[in-house]
Ligand SMILES: Cc1ncc(C[n+]2csc(CCOP(=O)(O)OP(=O)(O)O)c2C)c(N)n1
Ligand SMILES: [Mg+2]
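Chains as they are written, first to last, in the numbering used here: chain X, 1 to 373; chain B, 1001 to 1439.
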């Protein structure tokens, strides 16, 4: 059985099936449909959905609720992500599980409200002070809006870190046909909690890459949270050993587990000299381009990256093996191309296929740039 | 088990607090402790949310839950915590500086009447960063950023939150004997409560302005500021009011797939890209959705993309629908195979695509918009003659297009147009009225 559905609804259904029970957001095109869905749906399961006074407050509400035991979601677009920035830093520092839907629109600044773009790829990763890691997933279609939203919630719990879903106006607003049985049912990962009778040391980890279990406000323990450098008890500290331990932990818990986060789709053709790399909605054009190129007798391989951050370096290197040229297609002027460029060998050429005129990259654009016509 | 009476909520092993000698912060925190002792609350049911600034160093010294966040944002975390668990007692400690940068959040928490208690540690300047002026610094005061005297009007935080809906508002000083009682009352209040507590900053404001207890009271007098409870009202606390307002939704079924079964067949082979160009408010998107759903009912795959200006009730409205036999990735084609142009706004927007249509393409167009420059086969549709409302022209045009192209059975489109029962009758009537369009 099929249905006709857009990405916004798929994201919302994914969030609800992932156990989301709290949403705060501020209206912005093209992310507003997610707010509207959540405001309608969450009261049905005794959850809370609220329009905050601005995006700073949206994130503040989400963070407070997450620390009080909720599974939280927010959704916005470029200008809103800018306002989220300080609290994304706080959520990294305090290790708050939360999911942020970024429905990308054209920037910079207010840019083009109803124009699709993929211009926040580096911003999502680096747009906070300190430069500590977050996780960014990017769906290429409606089905993946559902499944990657579910994964995003699980990763947020697994790593206690903000997880972005990097989507775009086109994917969220376009309605398409999907096979209802094709939605991937990702099992729900529950929050890891400290047992009621156990002592709760809010930030205690035995190894740097471990993730400390949580305990909600109002639960069995006294809970301390701080966005300042802290020791394992959540007390502000300048002790160099504690500060270094904390900062290295924030990186290690992600970096040492990239394999758990990595999600790519590779389609390697024997003897292919060209690899087309893409992500998000542009991957749809990339796959179509590959099909056309193959039909015309060119051997090409494809790599679709769903987990943009942390960069799935091992998977990218594996896909790069044996090719001579890499086409990177994205709706910006080469943001993720930088990551590919640092992974290629000297004898491999990286060619960017970019558009920033508000139009989508077409399969034809990719074929032309790659001289595969 | 009966809990022994608590004699303090301070983490005594971590004392003393790090404040300068003579700083009012220590006094206010002791009074807060007294208030907590009065109330005998379970420390796990109290969340102390501290803002940035010297007062923000205090959470460590309390045995309750604590949340120390960003400058000015304490009220937002407090709101999230209270929204998630309305049973918690949430107490915000914020400086006069925090009231400036976080003023917007204070206004909105007051306006919503979120159940939290905000204690303003008002030392009339930024203590932590070196004695700069805040939104509460009195006129003429010397601070490190108003070396030659201060010409800004100070913010009346009590008046501000009160006119915006706060349900408990009080003002006091660190010298007032009844401060613990005032704080106790504020915490007991069910709704947004704020106590503006004046005090001395012994590092900056007091020495720079030869300020002392006497002058502090004199300044309050000059501003017409009384101490004590200034306002107490009885308004529903937000986090409970919210839950009550949505109560009848509880248990209703969540949004779920709306299956479209295959009831018809289509002879379509390759993908077909159709573009419908119309005007805002003329149900272009709705008709295109029915067109897509009819295709799905005929075993096809459909993708629909809408284009319209941000001001949705004016200008063009264009929908691109791509139909295909297979579930393959469909990005659309550079030039549509079929176009339906209904209104001048749509034609204006789509002039270039109309001109670029190939000889194999078909252009269905409102006859009133002719002539147009195109290589496509032109099929004029005589809408004016049908005397149907413009809101239904898209439905009619698509019906005519289906009859002419045979993309899929008209019956499937009729079923799709009737999917939303409240519009079924009018949609079906419009489809029936389309018979004469092709002339
Ligand atoms: C976003 C941001 N801007 C600036 C600062 C620097 N800062 C730290 S404390 C402070 C002022 C605090 O003044 P107040 O709220 O009155 O607290 P006090 O130190 O007087 O207790 C400022 C501006 C900051 N921490 N964060
Ligand atoms: Mg101050």
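Where is the CB? At the ideal position from N, CA and C, for every residue including glycine.
Any chain X beta carbon closer than 8 angstroms to residue i
i	result
residue 1065 of chain B	yes
residue 1068 of chain B	yes
residue 1242 of chain B	yes
residue 1342 of chain B	no
residue 1087 of chain B	yes
residue 1250 of chain B	yes
residue 1417 of chain B	no
residue 1105 of chain B	yes
residue 1292 of chain B	yes
Short Cβ contact (8 angstroms threshold) for residue i with residue j
i	j	result
residue 1277 of chain B	residue 1346 of chain B	yes
residue 1149 of chain B	residue 1204 of chain B	no
residue 1168 of chain B	residue 1232 of chain B	yes
residue 140 of chain X	residue 280 of chain X	yes
residue 61 of chain X	residue 1076 of chain B	yes
residue 308 of chain X	residue 63 of chain X	no
residue 35 of chain X	residue 66 of chain X	no
residue 1254 of chain B	residue 1170 of chain B	no
residue 1057 of chain B	residue 90 of chain X	no
residue 217 of chain X	residue 68 of chain X	yes
residue 1112 of chain B	residue 1238 of chain B	yes
residue 328 of chain X	residue 277 of chain X	yes
residue 108 of chain X	residue 28 of chain X	no
Inter-residue Cα distance where the pair is residue i and residue j
i	j	result
residue 1008 of chain B	residue 47 of chain X	36 angstroms
residue 274 of chain X	residue 298 of chain X	9 angstroms
residue 1383 of chain B	residue 1266 of chain B	27 angstroms
residue 1193 of chain B	residue 1045 of chain B	18 angstroms
residue 111 of chain X	residue 77 of chain X	11 angstroms
residue 26 of chain X	residue 51 of chain X	5 angstroms
residue 363 of chain X	residue 284 of chain X	8 angstroms
residue 1209 of chain B	residue 1173 of chain B	18 angstroms
residue 1049 of chain B	residue 219 of chain X	17 angstroms
residue 1020 of chain B	residue 226 of chain X	23 angstroms
residue 1391 of chain B	residue 366 of chain X	40 angstroms
residue 1272 of chain B	residue 1341 of chain B	17 angstroms
residue 1235 of chain B	residue 1137 of chain B	31 angstroms
Within-8 angstroms CB hit, residue i to chain B
i	result
residue 351 of chain X	no
residue 177 of chain X	yes
residue 53 of chain X	yes
residue 225 of chain X	yes
residue 162 of chain X	no
residue 242 of chain X	no
residue 174 of chain X	yes
residue 113 of chain X	yes
residue 82 of chain X	no
Exposure of residue i, with buried meaning 16 or more beta-carbon neighbours within 10 Å
i	result
residue 333 of chain X	exposed
residue 311 of chain X	buried
residue 1396 of chain B	buried
residue 1393 of chain B	buried
residue 1060 of chain B	buried
residue 253 of chain X	buried
residue 1245 of chain B	exposed
residue 1259 of chain B	exposed
residue 1381 of chain B	buried
Evaluate contact between the region 6 to 17 of chain X and the region 140 to 155 of chain X, counting only Cβ atoms and requiring at least three cross-stretch pairs below 8 angstroms.
yes
Three Cβ pairs or more, each shorter than 8 angstroms: is that satisfied between the region 1195 to 1211 of chain B and the region 1067 to 1085 of chain B?
no
Any chance the region 33 to 48 of chain X sits against the region 80 to 90 of chain X, with 3 or more Cβ pairs inside 8 angstroms?
no
According to a CB-to-CB cut-off of less than 9 angstroms, which residues of the region 1006 to 1023 of chain B neighbour chain A?
Of the protein chains in this structure, namely X and B, none is chain A.
Okay, do the region 1252 to 1267 of chain B and the region 1397 to 1412 of chain B touch, 3+ Cβ pairs below 8 angstroms being the bar?
yes
How do the region 1294 to 1304 of chain B and the region 8 to 17 of chain X stand: do at least 3 beta-carbon pairs fall below 8 angstroms, yes or no?
no
Taking 8 angstroms as the threshold, find out whether the region 253 to 272 of chain X comes into contact with the region 315 to 327 of chain X through three or more Cβ pairs.
yes
Do the region 280 to 295 of chain X and the region 243 to 257 of chain X meet, that is, are 3 or more Cβ pairs less than 8 angstroms apart?
no
Across the region 162 to 172 of chain X and the region 185 to 197 of chain X, are there enough close Cβ pairs to call them in contact, namely three or more that are closer than 8 angstroms?
no
For the 8 angstroms Cβ check, are there 3 or more pairs between the region 1060 to 1074 of chain B and the region 1005 to 1022 of chain B?
yes
Whether or not the region 1415 to 1422 of chain B and the region 1354 to 1372 of chain B are in contact is what I'm after, with contact meaning three or more pairs of Cβ atoms, one per stretch, closer than 8 angstroms; do they touch?
no
The region 1211 to 1220 of chain B touching the region 1158 to 1167 of chain B, judged by at least three CB pairs closer than 8 angstroms:
no
Quick one: any contact between the region 1208 to 1216 of chain B and the region 1085 to 1096 of chain B, if contact means 3 or more CB pairs under 8 angstroms?
no
Assess contact between the region 1337 to 1352 of chain B and the region 1313 to 1320 of chain B, defined as three or more Cβ pairs (one per stretch) separated by less than 8 angstroms. Is contact present?
yes
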